[in-house]
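Enquirer:
Numbering (full-length UniProt numbering), first residue to last: 1 to 280.
Here it is as structure tokens:
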């Protein structure tokens, strides 16, 4: 039986270029067109597929763990190339399924002529299938990690856009806050307020919370921290836009805004600090 596996394995290795050519013939036109549009060279595609046939063939007469290690290295390399060049996960996985079909379509008649035992065919599957399954798994992990990173980048971008500092004059800026303020966003507000106040050389930062739906003890504490941090770098912070219903909630919760200047709206705050808009 071992000799039969070795015979099949070495036949796969000896014919790996021919088998690779068959994969190119079997893939659908849409996938071929997508490959041609990508920056992946035909040489990279051909060499990558040839290498996989070599690994699969060699696995039938070599130590399985060695073959698995080679397979993982191959899958990480090729999966990354596919992902970086916009080849979708489903197309990448479908391309792996072709290898099984080609091996059996090419050598089934030869196996019958050699009158190999039925158990040999099962053993070939038992060796090759886990390798291809592992490649599928690694491809999936690569694409999943890339999607996760893209989502994180998008979320970070949205979070940064949600903390805009708008300069009104050479020493006055407004920080309009909209939406809920969680722990992460509070940290971002702190970092942005301090960084922009320093960069713009501000004397006043008007923090408008009219777009914040809820001001509870946690939100209030976070706002106090921002105000105190700004005060330490010489910037006076004024909180504006506390709506009546929010004010009622703040009072009922026993939250005190002692030491923090609050005004009804931006207009009052601007008037308070002597800001005058000039028109041409």
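Every residue, glycine too, gets a C-beta built ideally from N, C-alpha and C.
Name, in chain order, the residues that DSSP records as bridge partners for residue 211.
Expert: Along the chain shown, read from residue 1 onward, the residue named residue 211 stands at position 211. 178, per the DSSP bridge assignment.
Enquirer: For residue 217 and residue 185, what's the separation of their Cα atoms in angstroms?
Expert: Here residue 217 refers to the residue found at position 217 when the chain shown is read from its first residue. Here residue 185 refers to the residue found at position 185 when the chain shown is read from its first residue. Approximately 16 Å between the Cα atoms of the pair.
Enquirer: Does the distance from the C-beta atom of residue 215 to that of residue 255 stay below 9 Å?
Expert: Numbered from 1 along the chain shown, position 215 holds the residue referred to as residue 215. Numbered from 1 along the chain shown, position 255 holds the residue referred to as residue 255. Yes, they are a contact pair.
Enquirer: Suppose contacts are defined by Cβ-Cβ distances below 9 Å. Is residue 190 in contact with residue 225 by that definition?
Expert: Numbered from its first residue, the chain shown carries residue 190 at position 190. Numbered from its first residue, the chain shown carries residue 225 at position 225. Yes, these two residues count as a Cβ contact at 9 Å.
Enquirer: Could you check what DSSP says for residue 278 in three-state terms: helix, strand or coil?
Expert: As a first step, residue 278 is located in the chain shown; it is residue number 278 there, counting from the start. Per-residue confidence for residue 278 stands at a pLDDT of 47, beneath the threshold of 50, marking its modelled position as unreliable; no derived number is given.
Enquirer: Would you check if the distance between the CB atom of residue 135 and the CB atom of residue 79 is smaller than 9 Å?
Expert: Along the chain shown, one-based indexing puts residue 135 at 135. Along the chain shown, one-based indexing puts residue 79 at 79. Contact flag set, yes.
Enquirer: Quick check on residue 109: buried or exposed, where buried means 16 or more other Cβ atoms within 10 Å of its Cβ?
Expert: Against the chain shown, residue 109 aligns to sequence position 109. By the 10 Å Cβ count, residue 109 comes out exposed.
Enquirer: Buried or exposed for residue 213, going by 16 or more other Cβ atoms inside 10 Å?
Expert: Within the chain shown, numbered from 1, the residue matching residue 213 stands at position 213. Residue 213 is exposed by the Cβ-count criterion.
Enquirer: Should residue 202 be labelled buried (16 or more other beta-carbon atoms within 10 Å of its own) or exposed?
Expert: As a working note, residue 202 is residue 202 in the chain shown. By the 10 Å Cβ count, residue 202 comes out buried.
Enquirer: Is it buried or exposed, residue 112, if we count other Cβ atoms within 10 angstroms and call 16 or more buried?
Expert: Translated into the one-based positions of the chain shown, residue 112 becomes position 112. Label assigned to residue 112: exposed.
Enquirer: Would you mind sorting residue 251 into buried or exposed? The rule is 16 or more other CB atoms within 10 Å of its CB.
Expert: On the chain shown, residue 251 is found 251 positions in, with the first residue counted as 1. With fewer than 16 Cβ atoms within 10 Å of its Cβ, residue 251 is classed as exposed.
Enquirer: Can you find a heavy atom of the ligand SAM that lies under 8 Å from the Cβ of residue 185?
Expert: Here there are no bound small molecules, and the ligand SAM is not part of this structure.
Enquirer: Excluding five sequence neighbours on each side, which residues of the same chain lie with their C-beta closer than 8 Å to the C-beta of residue 249?
Expert: Position 249 of the chain shown holds residue 249. If we look at residue 249 and ignore the five residues flanking it on each side, its Cβ neighbours are 214, 215 and 216.
Enquirer: For residue 66, which option in 131, 84 and 15 has the closest C-alpha, if you only look at C-alpha atoms?
Expert: Within the chain shown, numbered from 1, the residue matching residue 66 stands at position 66. The shortest C-alpha separation from residue 66 is found at 131.
Enquirer: Suppose you measure from the CA of residue 102 to the CA of residue 22; what does that come to, to the nearest Å?
Expert: Start at 1 with the first residue of the chain shown, and residue 102 comes out as number 102. Start at 1 with the first residue of the chain shown, and residue 22 comes out as number 22. So the two alpha carbons sit approximately 7 Å from each other.
Enquirer: With 16 other CB atoms within 10 Å as the buried threshold, where does residue 4 fall?
Expert: Start at 1 with the first residue of the chain shown, and residue 4 comes out as number 4. Answer is buried; the Cβ neighbour count reaches 16.
Enquirer: If we ignore side chains and look at the alpha-carbon of each, how far apart do residue 15 and residue 105 end up?
Expert: Your numbering for residue 15 matches position 15 in the chain shown. Your numbering for residue 105 matches position 105 in the chain shown. Those two C-alpha atoms are separated by around 13 Å.
Enquirer: For residue 283, write down the residues that DSSP places opposite it in a beta bridge.
Expert: Here the chain has residues from 1 to 280 only, and residue 283 is not among them.
Enquirer: Within the continuous alpha helix (DSSP H) that includes residue 60, where are the two ends?
Expert: Along the chain shown, read from residue 1 onward, the residue named residue 60 stands at position 60. Counting along the chain, residue 60 falls outside any alpha helix (DSSP H), and DSSP gives it neither H nor E.
Enquirer: Can you tell which of 61, 58 and 24 has the C-alpha that lies nearest to the C-alpha of residue 43?
Expert: Here residue 43 refers to the residue found at position 43 of the chain shown. Taking only the C-alpha atoms, the option nearest residue 43 is 24.
Enquirer: Between the Cα of residue 177 and the Cα atoms of 199, 139 and 210, which residue gives the shortest distance?
Expert: Position 177 of the chain shown, counted from the first residue, corresponds to residue 177. That would be 210, whose Cα lies nearest to the Cα of residue 177.
Enquirer: May I ask which residues mark the beginning and end of the beta strand (DSSP E) holding residue 236?
Expert: Within the chain shown, the letter at position 236 stands for residue 236. Its beta strand (DSSP E) spans residues 236 to 240.
Enquirer: Quick one: using the 10 Å Cβ neighbour count with 16 as the cut-off for buried, is residue 198 buried or exposed?
Expert: Position 198 of the chain shown, counting from 1, holds the residue named residue 198. By the 10 Å Cβ count, residue 198 comes out exposed.
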